[in-house]
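Enquirer: Got a structure for you, written out below as structure tokens; questions coming shortly.
10 protein chains.
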Amino acid sequence: MSTQPSKELQTFPNPRPGRNYTISFRCPEFTCVCPMTGQPDFAEFTIEYVPDELCVELKSLKLYLWSFREEGAFHEAITNRILDDLVAAVNPIWMRLSGEFNVRGGIYTNITVEYPDQTSAEEDDCCCGHCE
Amino acid sequence: MSTQPSKELQTFPNPRPGRNYTISFRCPEFTCVCPMTGQPDFAEFTIEYVPDELCVELKSLKLYLWSFREEGAFHEAITNRILDDLVAAVNPIWMRLSGEFNVRGGIYTNITVEYPDQTSAEEDDCCCGHCE
Amino acid sequence: MSTQPSKELQTFPNPRPGRNYTISFRCPEFTCVCPMTGQPDFAEFTIEYVPDELCVELKSLKLYLWSFREEGAFHEAITNRILDDLVAAVNPIWMRLSGEFNVRGGIYTNITVEYPDQTSAEEDDCCCGHCE
Amino acid sequence: MSTQPSKELQTFPNPRPGRNYTISFRCPEFTCVCPMTGQPDFAEFTIEYVPDELCVELKSLKLYLWSFREEGAFHEAITNRILDDLVAAVNPIWMRLSGEFNVRGGIYTNITVEYPDQTSAEEDDCCCGHCE
Amino acid sequence: MSTQPSKELQTFPNPRPGRNYTISFRCPEFTCVCPMTGQPDFAEFTIEYVPDELCVELKSLKLYLWSFREEGAFHEAITNRILDDLVAAVNPIWMRLSGEFNVRGGIYTNITVEYPDQTSAEEDDCCCGHCE
Amino acid sequence: MSTQPSKELQTFPNPRPGRNYTISFRCPEFTCVCPMTGQPDFAEFTIEYVPDELCVELKSLKLYLWSFREEGAFHEAITNRILDDLVAAVNPIWMRLSGEFNVRGGIYTNITVEYPDQTSAEEDDCCCGHCE
Amino acid sequence: MSTQPSKELQTFPNPRPGRNYTISFRCPEFTCVCPMTGQPDFAEFTIEYVPDELCVELKSLKLYLWSFREEGAFHEAITNRILDDLVAAVNPIWMRLSGEFNVRGGIYTNITVEYPDQTSAEEDDCCCGHCE
Amino acid sequence: MSTQPSKELQTFPNPRPGRNYTISFRCPEFTCVCPMTGQPDFAEFTIEYVPDELCVELKSLKLYLWSFREEGAFHEAITNRILDDLVAAVNPIWMRLSGEFNVRGGIYTNITVEYPDQTSAEEDDCCCGHCE
Amino acid sequence: MSTQPSKELQTFPNPRPGRNYTISFRCPEFTCVCPMTGQPDFAEFTIEYVPDELCVELKSLKLYLWSFREEGAFHEAITNRILDDLVAAVNPIWMRLSGEFNVRGGIYTNITVEYPDQTSAEEDDCCCGHCE
Amino acid sequence: MSTQPSKELQTFPNPRPGRNYTISFRCPEFTCVCPMTGQPDFAEFTIEYVPDELCVELKSLKLYLWSFREEGAFHEAITNRILDDLVAAVNPIWMRLSGEFNVRGGIYTNITVEYPDQTSAEEDDCCCGHCE
């Protein structure tokens, strides 16, 4: 496997398909640049998900997060984008992504997004254990 | 954008309308004055919201909080007022504001307000994920 | 306003009647005496409430707690009594009082009381957001 | 009152019968012996309960816990036994007992028991606020 | 009892069958090897369960965890396997296993699995107190 | 021994005279009143000392601290006075008293006094281990 | 005494002149403005001193710190200035002032100044206990 | 080796005689009884020492501490006695023992003793690295 | 002033030359790349110094740290280099730089360098208060 | 470089010879076996050193610590041995090694060794900054 930054997320088959369980990654080493000023931004992302057929490969996740190092990104947009990329890669039963951004202007920002979206989940039919 | 205190909250379009997700800001740098004695008061405000069409612009939020620096304010009233201003600016699906005021008379005060109000939300019809 | 200990709790009109929101006070400076031995007792009380028409005035709350300084009080009885006094003063939609008493005999005691009582609240009819 | 270890738990009338409220005791000073090796064991017990007619007297609770000092006890058995004794003494509406045992073999053990048992409580009929 | 590593989990009869209560073990001393590189991996496992007829014997649990010391194991697979072994040994009413793995590539991984699986539990019929 | 507040400090013979060692007491339960306003003040005192012939008896220390409950006291004066009383009672080789007073006017005050005073100790001649 | 901001620091006679002891104040409620941008700055100051003839009066210290609310100040300059003002007011045997400024540009700044300055103290002659 | 409580401390030869280094043990599982009331007392002892020819054997240290379980002991006396026993057993170059006793009467007691005593050590001749 | 990364450190005149005092900066937002693999590295640097004629300008410090973002650097080399650059810029009386690098291979690395070097400082002649 | 466990410690030239500075490594991933029972032991080692001509290479340090995985080792002996190996590899000006071993028999053990030994360092001649 390469050690170059890459938007390609690798996967491997879920070793226990059919059981709903939770995998979480805490990733304190994220940096991108501010799209307005070009100055560095720093964040810690936390990923939690219930896998279906596929799991996220750990090393490719590191390379994926690295790939944003030179990119400009607004807090709200990049958090949504990373969730979309992860969902596209492993098609999970449930996933939540939380980005904790470093203080700017004396204010600390956090963004939390989920899949499936809380509005689209039909609670009565869902049995993943995270919707209620 | 100005660097003067201002009650005008700036907004930008939600980059992911249609998805319910949560943005939070922790703002430890708030000060106003006591309306009785004119002495300084200090508080930390935490804002959490689910955006609809609009998001709160971070720098204007800083200038907005600054604008209370010379104003007299009772704890209960100012917390309600800031929530009203934020709701008017971005018309969110859901918002909660919590003010943690510095100790006075050996007592620590916290005020937490929500929009929509817990009494007016009709739980069965609401799907924002925060009402249950 | 006086600076004498007093059982008279002052109130002021809720600045935002009709909105259900939460006010909390943490009061680490409480002392009374043991009714058996007359020795000092110490506790920290935490008050949380949803105001209706009236709010608790902060300074009178300090004087009220001071008024127990020379009184003998059992843990269970005084916690219930303080809740009753606060409820009588502001007639809140909901209130919870928690007393954390200093260690005695190697044992740490906490008492938590609520209004309305959990048995008397009819959950289906209540919309204060704290009953479920 | 004696200062001898005793299995006799003293009680006093609940000062506020009819109101459901919670009393908790944290008891870090518990020791018994291992029934296999006779070596000392140490634990911290936390008791939470909703009283009905009677409350647990604090000093007799200390003497009761002391009474296990020379007795051999398995973790699972003694935690269930202490709950049974406390329930027999005060017949509470609800009680939970949690025992946090010191590390043995590199493993930390906790046991938590409740009354009424979660299987026997009929949720629809119970209004103690702890069953849901 | 032996002091050799062993996959054989010993059990003893639940001292209080019929009461639903929770036993938990925190096990910070776990090590296996990476199946790709053969390098050591470290984790802390936390086990929580509601026993039915049988309880896990503490010393055999230590020997069981020791038995993975020389084995290669992927995070997701080994966490599922340990749950399966524990369930096979004591057939609990409910069990949850959480593995907190040491940082690799700047990323911290946690895996949490439950029995019965959240998808297979039929909530209306279950009264173990952990399914809702 | 009485259980009334008393300025009389009891002592007992040092069980190991001739050895320099340190005894410390942390006393979080101290309250007096403000000499200006009569309102309650709260503090935590920490005593450290190297005994000579006599040691401070623990229960009488409790009664001594209790004796200030109704007395007015400035922070700087009372801390010096308590040190003087303790030194007069046990004539220690060395003693340090530290008073941590509750916040007033948004400011937290600490006072630390020592015996013998740092100016009067002749460092070259002193071997108590605390003067350098 | 006034409740207006004031650069006039009040003092009172040291209740125990001749004994070297330490008084410290922790002051988390300080705000001034940036002399470049006019935007608010926040800091927490900690004062420690050994009094000689005079002590700092607590309420006037609060009013003194308040007096900087509308003033522009560089971190290094204001910390030195506050020390100078305090030294001029009470002429202490020793004083240390530490300012912990809120994060700006992702960097946290602390400034610590002492009186007498470490270069001017002639260590062999000084017996205040703080020079070595 | 026995698993009975015993005042006999076992030793083993220092594996690196001639090098001054520090061994420390933290022992949170200590209990004895109050010599006045017979009620249980609890403490945590911390031992630090520089070995000479002999080291303290860990299991016998556990049995030694266990041997005080039924004995009455004053805080100051027992701490000195345990130091004396340890010094007699291994004749260390330096040793410090610290006993942190559970709160009694609202007061937390700590006792710290050293060998050789700070008064008897002739600092100029000592090179153990702990005397200065 | 530019907002581009730059190795040029800006300075301003020390507002209080002649007084030895300490300025410290904690800089958690540092990233460079590994010179072997090109992968990102992260660190937190803490700078403490006693200024002589010049002080470090805060914004240029931010831009200076930013300038390493694309550079390869070994931990030991870069920490020494940053100290050299800072010393060259402000010629301080004393400076210490500490770099806390993120975990790699399960090992956490810290590097601390000082100016003047501990070997070259002639202690008897130095009065900066940091050499003893 | 190999990824096999190895007692061979790799080094690289100190990038700044002549400057005394400190490098530290915190290594929480250490395991060996008890030489008496063969059961696993766990420890966290912290290394601090002032390099002379050579520095410890980070990856080889990881492989070196791994090499003890199957070896039996007493706490006191292995800590001294690791220090000896590290000193032999890089011949540092100063080095301290601290081993924090997991609890056994309810007792927590720490061992701290230094080079050069505190007895052999002639303090007057040493200028490494760590001997005083």
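Heads up: the protein sequence lines correspond to chains A, B, C, D, E, F, G, H, I and J, in order.
For the first sequence, our numbering assigns the number 1 to the initial residue and increments by one for each residue that follows.
For the second sequence, our numbering assigns the number 133 to the initial residue and increments by one for each residue that follows.
For the third sequence, our numbering assigns the number 265 to the initial residue and increments by one for each residue that follows.
For the fourth sequence, our numbering assigns the number 397 to the initial residue and increments by one for each residue that follows.
For the fifth sequence, our numbering assigns the number 529 to the initial residue and increments by one for each residue that follows.
For the sixth sequence, our numbering assigns the number 661 to the initial residue and increments by one for each residue that follows.
For the seventh sequence, our numbering assigns the number 793 to the initial residue and increments by one for each residue that follows.
For the eighth sequence, our numbering assigns the number 925 to the initial residue and increments by one for each residue that follows.
For the ninth sequence, our numbering assigns the number 1057 to the initial residue and increments by one for each residue that follows.
For the tenth sequence, our numbering assigns the number 1189 to the initial residue and increments by one for each residue that follows.
Each residue gets a CB set at the ideal place from its N, CA and C atoms; glycine is no exception.
Please check the pair Tyr511 (chain D) and Trp490 (chain D), which I expect to be a contact at CB under 8 Å, by giving their CB distance rounded to whole angstroms.
Expert: Right, the Cβ-Cβ distance comes to about 7 Å (below 8 Å), so this counts as a contact.
Enquirer: Rounded to whole angstroms, what is the Cα-Cα separation between Leu857 (chain G) and Arg1072 (chain I)?
Expert: 20 Å
Enquirer: What residues in its chain sit with their C-beta under 6 Å from that of Phe966 (chain H), if we drop five residues either side in the sequence?
Expert: Thr955 and Asn1026
Enquirer: Cβ of Val103 (chain A) less than 7 Å from any chain G Cβ?
Expert: yes
Enquirer: Could you check if Thr267 (chain C) is buried or exposed, using at least 16 other CB atoms within 10 Å of its CB as the buried criterion?
Expert: exposed
Enquirer: Should Phe817 (chain G) and Gly891 (chain G) be called a contact, given that it needs their Cβ atoms to be closer than 7 Å?
Expert: Cβ atoms of Phe817 (chain G) and Gly891 (chain G): not closer than 7 Å.
Enquirer: With the cut-off set at 7 Å, would you say Ile1167 (chain I) and Glu1132 (chain I) are in Cβ contact?
Expert: Yes. Within cutoff.
Enquirer: Determine the chain D residues that contact Cys555 (chain E) at a beta-carbon separation under 9 Å, and present them in chain order.
Expert: Gly502, Ile503 and Tyr504
Enquirer: If the cut is a Cβ gap below 9 Å, which residues of chain J does Glu1132 (chain I) touch?
Expert: Phe1200, Asn1202, Pro1203, Arg1204, Tyr1209, Ile1211, Pro1239 and Cys1243
Enquirer: Is it the case that the Cβ atoms of Val773 (chain F) and Leu743 (chain F) are separated by a distance below 7 Å?
Expert: Here Val773 (chain F) is near Leu743 (chain F), since their CB atoms are less than 7 Å apart.
Enquirer: Would you say Ile1281 (chain J) reaches chain H, if we count a Cβ-Cβ gap shorter than 7 Å as a contact?
Expert: Output row for Ile1281 (chain J): interface = no.
Enquirer: Do Asn944 (chain H) and Glu977 (chain H) have their CB atoms nearer than 7 Å?
Expert: Judged by their CB atoms, Asn944 (chain H) and Glu977 (chain H) are not nearer to each other than the 7 Å cut-off.
Enquirer: Going by the beta-carbon positions, is the gap between Gly105 (chain A) and Lys194 (chain B) smaller than 7 Å?
Expert: yes
Enquirer: So, using beta-carbon positions, are Ala89 (chain A) and Thr11 (chain A) closer together than 7 Å?
Expert: Against a cut-off of 7 Å, the Cβ pair of Thr11 (chain A) and Ala89 (chain A) comes out as a contact.
Enquirer: Looking at Val446 (chain D) and Pro436 (chain D), is the spacing between their C-beta atoms short of 7 Å?
Expert: In this structure, Val446 (chain D) does not lie closer than 7 Å to Pro436 (chain D) by Cβ.
Enquirer: Where does Glu1000 (chain H) sit, in a helix, a strand or coil, going by DSSP?
Expert: helix
Enquirer: Measuring from the CB of Ser1022 (chain H), is there a heavy atom of the ligand PLP at a distance below 6 Å?
Expert: Among the components of this structure there are no ligands whatsoever, and the ligand PLP is therefore not found.
Enquirer: Whose Cβ in chain B lies nearer than 8 Å to the Cβ of Thr829 (chain G)?
Expert: Thr135
Enquirer: Please report the residue range of the alpha helix (DSSP H) in which Leu537 (chain E) lies.
Expert: It is not in any alpha helix (DSSP H) - Leu537 (chain E) carries neither H nor E in the DSSP assignment.
Enquirer: Could you pull out every residue in the same chain whose Cβ sits closer than 7 Å to the Cβ of Arg1125 (chain I), ignoring the five residues on either side in sequence?
Expert: Excluding sequence neighbours, Arg1125 (chain I) sits near Pro1061, Thr1087 and Cys1088.
Enquirer: Helix, strand or coil for Arg368 (chain C) per DSSP?
Expert: strand
Enquirer: Can you round the beta-carbon distance between Val1112 (chain I) and Leu1153 (chain I) to whole angstroms, since I take them to be within the 8 Å contact cut?
Expert: So it is not a contact: roughly 12 Å between Cβ atoms.
Enquirer: Show which residues of chain G have a CB atom less than 9 Å away from the CB atom of Thr211 (chain B).
Expert: Neighbours of Thr211 (chain B) on chain G: none; closest Cβ ~19 Å, over 9 Å.
Enquirer: Please classify Gly393 (chain C) as buried or exposed, where buried requires at least 16 neighbouring CB atoms within 10 angstroms.
Expert: Any reading at Gly393 (chain C) needs caution, since the residue's pLDDT is 47, under 50, leaving its predicted position unreliable; the model's value is listed next. By the neighbour-count rule (16 or more Cβ atoms within 10 Å), Gly393 (chain C) is buried.
Enquirer: Would you mind telling me which residues of chain E sit closer than 7 Å to Val509 (chain D), beta carbon to beta carbon, in chain order?
Expert: Arg547 and Tyr549
Enquirer: Need the endpoints of the alpha helix (DSSP H) that Ser720 (chain F) sits in, please.
Expert: Leu718 to Trp726
Enquirer: Under a three-way DSSP split, which group does Ile621 (chain E) fall into?
Expert: coil
Enquirer: Could you tell me whether any Cβ in chain H is nearer than 7 Å to the Cβ of Asp1305 (chain J)?
Expert: Answer yes: the Cβ-Cβ gap between Asp1305 (chain J) and chain H drops below 7 Å somewhere.
Enquirer: Could you give the DSSP three-state label for Asp1108 (chain I): helix, strand or coil?
Expert: Coil, per DSSP.
Enquirer: Let's see if you can read the secondary structure: which residues bound the beta strand (DSSP E) around Glu1085 (chain I)?
Expert: Under the DSSP assignment, Glu1085 (chain I) falls in the beta strand (DSSP E) whose first and last residues are Thr1078 to Val1089.
Enquirer: Bridge partners of Ser758 (chain F), per DSSP?
Expert: F:Thr706 and F:Thr772
Enquirer: Applying a beta-carbon distance threshold of less than 9 Å, which residues of chain C neighbour Phe702 (chain F)?
Expert: Pro292, Glu293, Thr295 and Phe306
Enquirer: Alpha carbon to alpha carbon, how far is Met432 (chain D) from Cys527 (chain D)? Give it in angstroms, no decimals.
Expert: Here Cys527 (chain D) scores only 42 on pLDDT, less than 50, and its place in the model should not be relied on; the value that follows carries that caveat. Their backbone Cα atoms lie some 37 Å apart in a straight line.
Enquirer: Given that Arg69 (chain A) touches chain I, what residues does it touch there, using C-beta distances under 7 Å?
Expert: Pro1096
Enquirer: Mapping DSSP to helix, strand and coil, what is Asp1305 (chain J)?
Expert: In this structure, Asp1305 (chain J) counts as coil in the three-state DSSP scheme.
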